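For what it's worth, the numbering used here labels the leading residue of the sequence shown as 3, then goes sequentially.
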Amino acid sequence: MKNVKFLAYLFLGISLSASIVACSDDDDDVQPMTSNSNTQNNIAEIAIAGDETDSLVVALTQAGLVSTFEGSGNFTVFAPSNQAFADFIAATPGVNQIADIPNELLTNTLLYHVLNNEVKSADLSDNLYAPTLNTEAPDNESVVLKVNTANGVTVDNSANVLQADIDASNGVIHLIDAVISPRNIVELAVNDNRFDSLVVALTQPSFTFVNTLEGNGPFTVFAPTNQAFIDLLATNASWNRISDIDQTTLSAVLQYHVVSGANVQSGALSQGQNISTLSGGSLTVDLSNGAQLITSDTTQAAVDIIITDVQGTNGVIHAVESVLLP
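Following this line, the structure appears as structure tokens:
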């Protein structure tokens, strides 16, 4: 895997004493994390010295991710505070301390907090998707996390940045107030308000799409935006809301947006490629004028792919500007 390397850096030369506790509940007053002003410390030294990252050190040691590496790196760590770990433990059934967390879960969760490049807070933008070091996705692709900046910096719609831009010689640390967990494609759609209408469509009472798309996959979903559904409703005077669309028709349309059995990243698309969908219909890829999908209906509409490679644990989402009609 491309990524335990960073975690080796993170705990270079660590020797943990038995006195380190797994979690602390006294994080109400967060103490600023700092690096030496004269000689910049690496991420390992900052994490070891930080009052807010004792539990992170314990967690990474428990996961077997402590190694010794020399050399430089260029990483971004969204580092959960001690209280963040305490909250995570309290919310996880059967877990009373970090040692109780299954190693696979712990490892994948920790890797999800790390990017393979340095991103300062000034470079973060709203609705940013960033690939992490977590590669539990199909084909070992990197699962993405989502950053929002509209109301302060939040990560994955669940963690607030408590302290940003803690500089290190091999990257940067942002201290956050929650442990974040890798998302499947349903969770990714739910967490992005640009797909609210799609979520409404998928969760119509008679449908089982959510159960299907929460399965192992792999899946590729071409996800219409909210505006795409607004445009669709405008084509029929009797459609004022998604629930007005005949359920059989809507089901067929939604299935036409899903590829089952394949995690198709944008880099795997090729000119003239034929893509078979869950509905039994097909889509044709056209790369001559940006990335477009050509529908198989009588209109043969060319629909732009406007967001690519939103990678979840069980599949990938690409946003499209219009609803695809089979």
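Ideal placement from N, C-alpha and C gives every residue a C-beta, glycine not left out.
Small disclaimer: the values here were computed from a predicted structure and weren't measured.
Is the Cβ-Cβ distance between residue i and residue j less than 9 Å?
| i | j | result |
| --- | --- | --- |
| Gly317 | Phe224 | no |
| Ile45 | Asn172 | yes |
| Ser272 | Leu285 | no |
| Val192 | Ala161 | no |
| Asp233 | Val322 | no |
| Ser268 | Asn228 | no |
| His115 | Phe90 | no |
| Thr137 | Leu113 | yes |
| Asp194 | Val312 | yes |
| Thr78 | Val174 | yes |
| Asn118 | Pro133 | yes |
Taking only the alpha-carbon atoms, compute the straight-line gap between residue i and residue j and give it to the nearest angstrom.
| i | j | result |
| --- | --- | --- |
| Gly263 | Phe231 | 26 Å |
| Ser253 | Pro184 | 28 Å |
| Ser83 | Phe197 | 31 Å |
| Thr109 | Thr300 | 49 Å |
| Gly314 | Val266 | 12 Å |
| His320 | Pro140 | 15 Å |
| Thr251 | Gly219 | 24 Å |
| Leu256 | Ile187 | 15 Å |
| Ile247 | Ser281 | 17 Å |
| Glu120 | Glu47 | 17 Å |
| Pro328 | Ile244 | 17 Å |
| Val149 | Ala293 | 25 Å |
From what residue to what residue does the alpha helix (DSSP H) around residue i run?
| i | result |
| --- | --- |
| Asn110 | 105-113 |
| Val188 | 187-192 |
With DSSP as the reference, please indicate the residues paired to residue i in a beta bridge.
| i | result |
| --- | --- |
| Val287 | Leu295 |
| Ile309 | Ala321 |
| Gly314 | According to DSSP, Gly314 bridges with nothing at all. |
| Ala304 | Ile296 |
For the beta strand (DSSP E) containing residue i, list its first residue and its last residue.
| i | result |
| --- | --- |
| Phe90 | First-last for Phe90: 84-93, but that is the alpha helix (DSSP H), not the beta strand (DSSP E). |
| Leu177 | 173-178 |
| Ile48 | Ile48 -> not in any beta strand (DSSP E); alpha helix (DSSP H) instead, spanning 45-51. |
| Val261 | 260-262 |
_Runs of beta strand (DSSP E) wholly within the stretch 200-251 (minimum 3 residues, chain order)_ = 221-226
Which ranges does the beta strand (DSSP E) cover as unbroken runs of at least 3 residues, wholly within the stretch 127-171, from first to last along the chain? 130-133, 146-150, 161-170
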